[in-house]
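Please read the structure below before turning to the comments.
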Amino acid sequence: MTIINISIRLIIVFMISAMIWLIWDHNQRQPRVFVIHSYNTDLNWVNSIDEGIDQKLKEVLPSAKVRHHYMDLKNHNGCNFRRRSTRDVLYGISDWKPDYLLLVDDLAQELVGAHYLAYNDGIFPQKSLAEQLFAKRCPEQDLEFYQRTYITDVQQLPEIVFAGVNYSVEPYGYFRAMNTQGIYEHKNFTALVETLKDLSQYCGEQRAVGVLPLNDYSATARREQVSFQRFNWYPLELLEPATVRSFDEWKAQVTLANQKKAMLVIANYQQVPEKPGSKQYVTPARLIQWTTENAHYPVLGAGTNFVDDGGMITVAIAGLEQGKTLVELITLPVQRKPLKDKDVRRGEQFLVGLAARKLKQYCSNQMPKIYQAYAKQTGLYRYENVSEVLYVEP
1 MTIINISIRL IIVFMISAMI WLIWDHNQRQ PRVFVIHSYN TDLNWVNSID EGIDQKLKEV
61 LPSAKVRHHY MDLKNHNGCN FRRRSTRDVL YGISDWKPDY LLLVDDLAQE LVGAHYLAYN
121 DGIFPQKSLA EQLFAKRCPE QDLEFYQRTY ITDVQQLPEI VFAGVNYSVE PYGYFRAMNT
181 QGIYEHKNFT ALVETLKDLS QYCGEQRAVG VLPLNDYSAT ARREQVSFQR FNWYPLELLE
241 PATVRSFDEW KAQVTLANQK KAMLVIANYQ QVPEKPGSKQ YVTPARLIQW TTENAHYPVL
301 GAGTNFVDDG GMITVAIAGL EQGKTLVELI TLPVQRKPLK DKDVRRGEQF LVGLAARKLK
361 QYCSNQMPKI YQAYAKQTGL YRYENVSEVL YVEP
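Take the sequence shown: its letters are residues 1 to 394, numbered as in this note's numbering.
Listed below in structure tokens is the structure:
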């Protein structure tokens, strides 16, 4: 073998080795981002957050490896399904070892985020907070998967970035951890009140004088009650916010609102049982149809699905902003210090959604045109193929 041949072979080996190293180095630099939703893609809220995540990742982290998982806990909220859904997520995290967990809505924080806390004192409890919370809620369930996936090495824990939390992350231990940050989904109460004032003035045969927040008995709805109670709804009178356990209780609250000349504000309504203790829920479309047909005063939604489910008008937090903020936060330098409530981002953008024909008929075409204009503008940001256009033409 000549020296030239040997040299050529060495060059080829070197080039191949260099290419392998470059590929390996490139893969090492690709952050792994695991997006975990409490709910499923049948909710427009989920799709709009995914849209925001995907848009921002393409802009600032195009090399990131991304996975999405939907726990579907809005449609299946029993303890057994919750156990299986959580187990699948935790095993997926153990297998893939993501750098970032992007957790959306409260249940993902409680069941998943509270399992991966990097405590500032370096002391880990015998059982993760997530396991403790789950055992308290569903004591009969076998939770061995929590122990199998428990990580007590701070260096191996992923960064937790949250969105869609309605009240506070304090119950999930996030203020005692060094690897948590995120954005709240606090309702824009000022926008809700301004809309209610216009509805009271321009819509209905009689002018409403009060407001009654009406929701199902989900954990999310119960946590939000405090926010509803603390806000000043002047000039409207706030009736006691209600979270109900059955369709009959829901009907009773609508009757109460009629008697008190109060408008309804509805945010969470997917988990209203047909009867007390039943696992069969009234379908959202049926519930909203009955409510709007039997309420004597305007009904305002506070979630992105409300118009899709048959409502007339809604003012909701923008999921797109929540998704973009999740990605923005993972691009910031890591702050190895406990999270404080004042450092949690607050959602600033909101959406107006309306069904134009219903609004024109109910309000005799007197509502300010800004609502239609803003709803049309909002629709430009939405996925049309998943009914995300919030303005519905007459």
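Note that the Cβ used here is the ideal one computed from N, Cα and C, for glycine as well.
Handout entry: CA-to-CA distance, residue 281 to residue 74, given in whole angstroms
Key = For this step, residue 74 is matched to residue 74 along the sequence shown. For this step, residue 281 is matched to residue 281 along the sequence shown. So the two alpha carbons sit approximately 11 Å from each other.
Exercise for the section: Put residue 99 into one of helix, strand or coil per three-state DSSP. Expected result: Here residue 99 refers to the residue found at position 99 of the sequence shown. Of the three classes helix, strand and coil, the one that applies to residue 99 here is coil, per DSSP.
Problem - Beta-ladder partner(s) of residue 350, from DSSP - result: Against the sequence shown, residue 350 aligns to sequence position 350. Paired residue(s): 317.
Practice task
Could you name the residues of the same chain whose beta carbon sits closer than 8 Å to that of residue 285, not counting the 5 residues immediately before and after it, in chain order?
Solution key: Along the sequence shown, one-based indexing puts residue 285 at 285. For residue 285, where only same-chain residues beyond five positions count, the Cβ hits under 8 Å are 309, 310.
Exercise for the section: Taking residue 111 as part of the alpha helix (DSSP H), name the residues at either end of that continuous run. Expected result: As a position in the sequence shown, residue 111 is number 111, starting the count at 1. Per DSSP, residue 111 belongs to the alpha helix (DSSP H) from 106-111.
Exercise for the section: Taking 8 Å as the cut-off, decide whether the C-beta atoms of residue 34 and residue 100 are in contact. Expected result: Mapped onto the sequence shown, residue 34 falls at position 34. Mapped onto the sequence shown, residue 100 falls at position 100. Cβ atoms of residue 34 and residue 100: closer than 8 Å.
Handout entry: For residue 65: DSSP bridge partner residues
Key = The residue labelled residue 65 in the question sits at position 65 within the sequence shown. Answer is 32.
Handout entry: Spatial neighbours of residue 303 in its chain, beta-carbon cut-off 6 Å, leaving aside the 5 residues before and after
Key = Start at 1 with the first residue of the sequence shown, and residue 303 comes out as number 303. The residues are 267, 316.
Practice task
Please state if the CB of residue 210 and the CB of residue 185 are separated by a distance shorter than 8 Å.
Solution key: By 1-based counting over the sequence shown, the position of residue 185 is 185. By 1-based counting over the sequence shown, the position of residue 210 is 210. Judged by their CB atoms, residue 185 and residue 210 are not nearer to each other than the 8 Å cut-off.
Problem - For residue 157, the three-state DSSP class (helix, strand or coil) - result: The sequence position of residue 157 within the sequence shown is 157, counting from 1. Coil at residue 157, not helix or strand.
Exercise for the section: Evaluate the contact criterion for the segment 233-241 versus the segment 202-216: three or more CB pairs, one atom per stretch, below 8 Å. Expected result: yes
Practice task
May I have the straight-line CA-CA distance separating residue 131 from residue 89, to the nearest angstrom?
Solution key: On the sequence shown, residue 131 is found 131 positions in, with the first residue counted as 1. On the sequence shown, residue 89 is found 89 positions in, with the first residue counted as 1. Roughly 14 Å separates the two Cα atoms.
Problem - Contact between the segment 173-183 and the segment 116-124 (3+ Cβ pairs under 8 Å) - result: Under the 8 Å Cβ criterion, the segment 173-183 counts as touching the segment 116-124, having at least three qualifying pairs.
Exercise for the section: Pull up the distance between the alpha-carbon of residue 418 and that of residue 96, whole angstroms please. Expected result: The first residue shown for the chain is 1 and the last is 394, placing residue 418 beyond what the model contains.
Handout entry: Neighbour-count burial assignment, residue 122, 16 or more Cβ in a 10 Å radius
Key = Within the sequence shown, residue 122 is the residue found at index 122, counting from 1. By the neighbour-count rule (16 or more Cβ atoms within 10 Å), residue 122 is not buried but exposed.
Practice task
Quick one: give me the first and last residue of the alpha helix (DSSP H) that residue 193 is part of.
Solution key: Working through the sequence shown from its first residue, we reach residue 193 at position 193. Where residue 193 is concerned, the enclosing alpha helix (DSSP H) stretches over 189-202.
Problem - Nearest neighbour of residue 367, chosen from 292, 136, 231, 196 [CA to CA] - result: The count along the sequence shown starts at 1 and reaches residue 367 at position 367. Cα-wise, what sits closest to residue 367 is 196.
Exercise for the section: Please name the residue, chosen from 102, 40, 141, 48, that lies closest to residue 87 on a Cα-to-Cα basis. Expected result: For the purposes of this step, residue 87 is taken as the residue at position 87 of the sequence shown. Comparing Cα positions, the closest option is 141.
Problem - residue 376 versus residue 301 - alpha carbon distance - result: Stepping through the sequence shown from its first residue, residue 376 is reached at position 376. Stepping through the sequence shown from its first residue, residue 301 is reached at position 301. Whole-angstrom Cα-Cα distance: 17 Å.
Practice task
Quick one: residues in its chain with C-beta nearer than 8 Å to the C-beta of residue 192, no 5 flanking neighbours on either side, listed in chain order?
Solution key: The residue given as residue 192 occupies position 192 in the sequence shown. Answer for residue 192: 265, 300, 302, 315, listed in chain order.
Handout entry: Residue range of the beta strand (DSSP E) that includes residue 215
Key = Within the sequence shown, the letter at position 215 stands for residue 215. Looking at the DSSP string, the run of the beta strand (DSSP E) that includes residue 215 is 210-216.
Problem - Buried versus exposed call for residue 43 [16 or more other C-beta atoms within 10 Å across all chains shown] - result: On the sequence shown, residue 43 is found 43 positions in, with the first residue counted as 1. Label assigned to residue 43: buried.
Problem - Cβ-Cβ distance between residue 161 and residue 330 below 8 Å - result: In the sequence shown, counting from the first residue as 1, residue 161 sits at position 161. In the sequence shown, counting from the first residue as 1, residue 330 sits at position 330. Between residue 161 and residue 330, the C-beta spacing is below 8 Å.
Handout entry: Assumed close pair residue 109, residue 172 - CB separation to whole angstroms, cut-off 8 Å
Key = What you label residue 109 is simply residue 109 of the sequence shown in a count that begins at 1. What you label residue 172 is simply residue 172 of the sequence shown in a count that begins at 1. Contact holds; Cβ gap of about 4 Å.
Exercise for the section: Buried or exposed for residue 91, please, with buried defined as at least 16 other CB atoms from any protein chain shown within 10 angstroms of its CB. Expected result: As a first step, residue 91 must be located in the sequence shown, where it is residue number 91. The residue is exposed, with fewer than 16 neighbouring Cβ atoms inside 10 Å.
Exercise for the section: Indicate the three-state DSSP secondary structure (helix, strand or coil) for residue 237 in the structure shown. Expected result: Start at 1 with the first residue of the sequence shown, and residue 237 comes out as number 237. Residue 237 falls in the strand class under three-state DSSP.
Practice task
With a 10 Å radius around its C-beta and 16 neighbouring C-beta atoms as the bar for buried, classify residue 370 as buried or exposed.
Solution key: Counted from its first residue, the sequence shown places residue 370 at position 370. Residue 370 should be labelled exposed.
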